[in-house]
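Line order of the protein sequences matches chains P and B. Read in numbering that gives the first Met the number 0, the first sequence has 347 at position 348, and its numbers run on one by one without any break. Read in numbering that gives the first Met the number 0, the second sequence has 297 at position 298, and its numbers run on one by one without any break. Let me begin by presenting the structure, written as structure tokens, before commenting on it.
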Amino acid sequence: MSYIPNTDQDVREMLARIGRENADELFSHIPDRFRFKGELELPEPVSEMELISKMRQLSQMNSSLRDTSSFLGGGVYHHYIPSVVGHLIERAEFSTSYTPYQPEISQGTLQAIFEYQTLMCLLTGMDVSNASMYDGASSTAEAVLMALRSNRRSRIALSSTLHPEYRRVIETYARANDKEVFLIPYNADGSTDTGLLSERIDEQVSCVVIQSPNFFGIVEELRNAEKIAHSKGALLIVVFTEPIAYGLLKPPGIYGADIVCGEGQSMGIPPGFGGPLLGILACRQGLLRALPGRIVGKTHDMKGNGSYVLTLTAREQHIRREKSTSNICTNHGLCALAAAVFLTSYGKKGFRSLAAINHGRAEYAKSALSKLAGVKLRFSSPTFNEFVIETEKDPDKIASRLLDEKILFGIRLENYYPELENCTLISCTEMSSKQEIIRLCTLLKEI
Amino acid sequence: MMHEQNKKIKLPGINNLSFDEPLIFELGSEGRIAVRLPDEQPVLSLPQHMVREEIVGFPQVGQSELVRHFTRLSQWNYAVDTGFYPLGSCTMKYNPKVNEDVARLSGFSYSHPYQPERLVQGSLRLLHELEQWLCSITGMKRATLQPAAGAHGELTAMMMIKAYFEDMEEKRTKVIIPDTAHGTNPASVSMCGFSVVPVKSGRFGLLEVEEVAKLMSEDVAAVMITNPNTLGIFECNVGEIAQAVHEKGGFVYCDGANLNALLGKVRYGDTGVDLVHMNLHKTFSTPHGGGGPGAGPLAVKDTLVPYLPVPLIDRHGESYRFNYDLPKSIGKVKSFFGNFLICVRAYAYILALGAKGLSQVSTNAVVNANYIKSALREHYHLPFDTPSLHECVFTDKKQQELGVSTLDIAKRLIDYGFHPPTVYFPLVVTGALMIEPTETESRETLDQFIEAMVRIAQEARENTGVLHDAPHRSKVTRVDEVTAARKPVLRWEKTLHP
């Protein structure tokens, strides 16, 4: 067995050293009625070359974004991953190490996370960031729990333009906590209706959760929402699914957000059929003790050398057990490292250019598509790299026809917003070339 | 067994080439960039008040600087690929490289969660089959692959139990948890509004039927058991405990973090367990990534299937489809379908091993742990002298008399080239040293580790100073955790780090 070095002879000799006849004796204290006597129903084992061939066959039953023109986004984006990202995060010293509990021999991971935390603070305009969460959706649910813990209120206001998957996850977490979730509708322009927020918010509302750019790609005006939330003592949680947007847009911290959370997949992590992703969670200083998850801090060693260590562990489950800020233990450390390397690759100038290119390609597509007969823009508000179109024809028919040409049309919104009949969310990134956009338009004309 | 200190055994030691390296923010200079983008300057169609300037403080380094920076950082890490990692409960086994290759196949890594079902049949089939295999291994009915980690699987289980009782219109408020449990157990329970009822473990750290039966009532929603428990000992009374719990209408939840000991030996379902989570990054050998990503699937018996998160993936003849039609489902605990690329690695691992191979994994894990236990028992205090499986727990009782603690022993192991074991856990054992070698370590590595532990026991008698200051040969020495927590510095700032 190639993953087990010891041979049968080794095992026999080891057993002899410990005074056992055979390995089965070591299991003999397990009550006989629990001993499984059959053989597990699993496929026959295969060699490494057969394994590769089987897995390749399976993967080829999928279509890859690399072989298609994709306009799918909605929380998972097809961005270019610089070559250095893969090479560095695949280094076994990063990928096969454990959570850095032993700082003396984990300074690499610890310093890299410290750098990640700094980058997230700069990106979001917040004071502190944790070392990562599972994904944008669960990170947002944890942000909501943070708010509930810190002001002990019972209701949660969600903008209806928050990603539908995120809403579903928050609802699941809230229900388990016996808390009530209510939705704030969106305006005719596709942004959160702050008038209605103002009417419906009261002193029982713990937090107001708004996504920007929202699920329709629209950049929300956060200033109003901040005033309304804070006037009732509720926290403002700002969510994002596309972090590249903050290369161009003012970060939520500037607008007085208390917690900023969202998805980091765009930064060096492949779409991977939706996982693993990267949950980002940052907050203002005053909420630090309520922040869940790992946090790395700077300190020094016995000789005075600067060093890093997991800190503020008194919040965590292995110390505080049922009184901890969260149950999270394993997080998404390697994904956080990918994001840090990704941002470092583009750096100050490149990251802004990347954001501008994304926006530029989407604006080009928006303008080209809106000029087609039978296609119009559903909302007028400014967008970053996603936007909603309404077609005269059934989007399913269009999508199916485009698939013949290896084009993945956007996300049909009617499934999540029944009133948005024939509406599709189109996403563009730096991977969407002008030629591809022109081809999409040409084909749409023919359909 | 006598294990004479053996001068012939050469320990790995550490004496590596290790560079100093500042923070990335302190490198480079204005205008540097590591990766070139297409040369275009698009016109912005955003209101000016929404637009920010370039982000001050973002790194500006060339590609060679970037690669060298992160490569140097990586060299400060201990990792499974560089050495033995006997972290109890964490199952740090070797991660087969081929699994990394298959997870990077473009059809897997570049498929989008919103692609139509017919364009992701490979993914759906893989997830469906992996679910079936995990159910076969644990003896359960169906599983969700959505939870991202073990603690997330626990949380999902508690949410399902809560939803079940709400559905039955029963008000149950408590969950019984043994004092040997992982810290995540009580944390997950309280996230669902249940209160924790602790139960003391008895002789050998085992749960006793009478103790659980005494606490069991119609207010108790579930009992959480870890089997083998965190001392590596099989909970022999699990059948009777399950009976007592079921009689009062409660559920038995099993923390499957230690499944590595039982593959093909015991199926949790046969022991009366109703729900069990697995850690794919432990038992099924996906790399831990310096703190994730992992995956924590949850398998359940019939009664609880309607409450599983959506979607399930069902087979219809030769094709596979999402099933969102579960009106009693708790909803979703994570976006999309879980940590798919981790599932791909676990799938490849099971495919490579098959039923016999998995059973051998547990056999070898248990032999390795017992080999260490037998060799070290005359040098270190063994708090529970009873048969154990894949891990063994010693304490510092003998060394405490000489003024040497578990922490000293753990840190000194670093000088000899080993990662320390899990320390001071489980909480019921004072000064615990919890050792889990896993099946992927050779006999020679185990001998080296034993030799290092024996030498440390001798140092405790002869030269305690060398232990108190250990480690001596690592990049940094023991760090000041108190200052880190009292005056938190959690990010770089230009003013703080000129």
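Virtual Cβ for every residue (Gly too), placed ideally from N, Cα, C.
Straight-line gap, residue i to residue j (C-alpha atoms, nearest Å)
i: alanine 228 (chain P); j: isoleucine 183 (chain P); result: 13 Å
i: valine 198 (chain B); j: isoleucine 327 (chain P); result: 23 Å
i: isoleucine 29 (chain P); j: glycine 238 (chain B); result: 11 Å
i: glutamate 20 (chain B); j: glycine 30 (chain B); result: 21 Å
i: glutamine 59 (chain B); j: phenylalanine 350 (chain P); result: 10 Å
i: tyrosine 319 (chain B); j: glutamine 114 (chain B); result: 14 Å
i: glutamine 110 (chain P); j: glycine 248 (chain B); result: 50 Å
i: tyrosine 323 (chain B); j: leucine 45 (chain B); result: 39 Å
i: leucine 309 (chain P); j: serine 328 (chain B); result: 37 Å
i: isoleucine 449 (chain B); j: isoleucine 371 (chain B); result: 7 Å
i: isoleucine 160 (chain B); j: asparagine 330 (chain P); result: 24 Å
i: lysine 553 (chain B); j: histidine 380 (chain B); result: Here chain B has residues from 0 to 497 only, and residue 553 (chain B) is not among them.
i: histidine 127 (chain B); j: arginine 314 (chain B); result: 8 Å
i: serine 105 (chain P); j: lysine 92 (chain B); result: 18 Å
i: isoleucine 136 (chain B); j: threonine 385 (chain B); result: 26 Å
i: glutamate 246 (chain B); j: proline 326 (chain B); result: 28 Å
i: alanine 260 (chain B); j: proline 185 (chain B); result: 23 Å
i: isoleucine 312 (chain B); j: asparagine 61 (chain P); result: 16 Å
i: glutamate 141 (chain P); j: glycine 216 (chain P); result: 23 Å
i: glycine 255 (chain P); j: aspartate 126 (chain P); result: 12 Å
Cβ separation of residue i and residue j, assumed to be a contact under 8 Å, to the nearest whole Å
i: proline 11 (chain B); j: glycine 416 (chain B); result: 3 Å
i: glutamine 62 (chain B); j: glutamate 92 (chain P); result: About 20 Å; that fails the 8 Å criterion.
i: tyrosine 346 (chain B); j: leucine 489 (chain B); result: Incorrect: roughly 38 Å between the Cβ atoms, too far for contact.
i: glycine 152 (chain B); j: alanine 130 (chain P); result: Contact doesn't hold; Cβ gap of about 20 Å is too wide.
i: phenylalanine 321 (chain B); j: proline 310 (chain B); result: 4 Å
i: cysteine 342 (chain B); j: alanine 294 (chain B); result: 6 Å
i: threonine 183 (chain B); j: arginine 90 (chain P); result: With a Cβ gap of about 29 Å, threonine 183 (chain B) and arginine 90 (chain P) do not count as contacting.
i: glutamine 145 (chain B); j: lysine 333 (chain B); result: 5 Å
i: glutamate 466 (chain P); j: alanine 361 (chain P); result: Missing from the structure shown is residue 466 (chain P); chain P here goes from 0 to 446 and no further.
i: proline 41 (chain B); j: glycine 359 (chain P); result: 2 Å
In DSSP terms, what residue i is bridged to
i: arginine 314 (chain B); result: B:Tyr319
i: valine 387 (chain P); result: P:Leu424
i: arginine 11 (chain P); result: The partner list for arginine 11 (chain P) (beta bridge, DSSP) is empty, contrary to what the question assumes.
i: isoleucine 176 (chain B); result: B:Pro197
i: histidine 245 (chain B); result: Looking at the DSSP assignment, histidine 245 (chain B) forms no beta bridge with any residue, so it has no partner.
i: serine 68 (chain P); result: P:Ile406
i: glutamine 56 (chain P); result: Partner(s): none; glutamine 56 (chain P) has no beta bridge.
i: alanine 221 (chain B); result: B:Val174, B:Phe250
i: serine 306 (chain P); result: P:Thr298
i: methionine 433 (chain B); result: B:Val392, B:Thr421
i: phenylalanine 83 (chain B); result: Answer is none; phenylalanine 83 (chain B) lacks a bridge partner.
i: leucine 41 (chain P); result: Its beta-bridge partners do not exist; DSSP assigns none.
i: glycine 278 (chain P); result: P:Met132, P:Glu262
Same chain only: Cβ atoms within 6 Å of residue i, ignoring 5 sequence neighbours per side
i: lysine 410 (chain B); result: Ala469, Pro470
i: proline 497 (chain B); result: Residue confidence for proline 497 (chain B) is low, a pLDDT of 48 falling below 50, so the modelled location carries little weight and cannot support an answer.
i: tyrosine 115 (chain P); result: Ala335, Ala339
i: isoleucine 23 (chain B); result: Pro58, His68
i: asparagine 369 (chain B); result: none
i: tyrosine 76 (chain P); result: Ser265, Thr428
i: isoleucine 437 (chain P); result: none
i: arginine 148 (chain P); result: Ala289
i: asparagine 363 (chain B); result: Glu438
Close Cβ partners of residue i (< 7 Å) along its chain, the five nearest in sequence each way excluded
i: threonine 312 (chain P); result: Ile318
Own chain, CB closer than 8 Å to residue i, minus 5 neighbours either side, in chain order
i: isoleucine 356 (chain P); result: Glu429
i: glutamine 399 (chain B); result: Gly430
i: isoleucine 3 (chain P); result: none
i: lysine 474 (chain B); result: Ser17, Trp75
| query | Taking contact to mean at least 3 C-beta pairs separated by less than 8 Å, is the stretch 219-227 of chain B in contact with the stretch 442-454 of chain B? | reply | no
| Contact between the stretch 419-435 of chain B and the stretch 261-278 of chain B: three or more CB pairs below 8 Å? | no
| field | Stretch pair the stretch 351-369 of chain B + the stretch 36-47 of chain P: three plus CB contacts closer than 8 Å | value | yes
| Are three or more beta carbon pairs between the stretch 289-305 of chain P and the stretch 265-274 of chain P nearer than 8 Å? | no
| Is the stretch 154-161 of chain P close to the stretch 205-214 of chain P, with three or more CB pairs under 8 Å? | yes
| query | Any chance the stretch 62-81 of chain P sits against the stretch 237-247 of chain P, with 3 or more Cβ pairs inside 8 Å? | reply | yes
| message | If contact is defined by three or more beta carbon pairs under 8 Å, each pair taking one atom from either stretch, is the stretch 361-379 of chain P in contact with the stretch 188-205 of chain P? | response | yes
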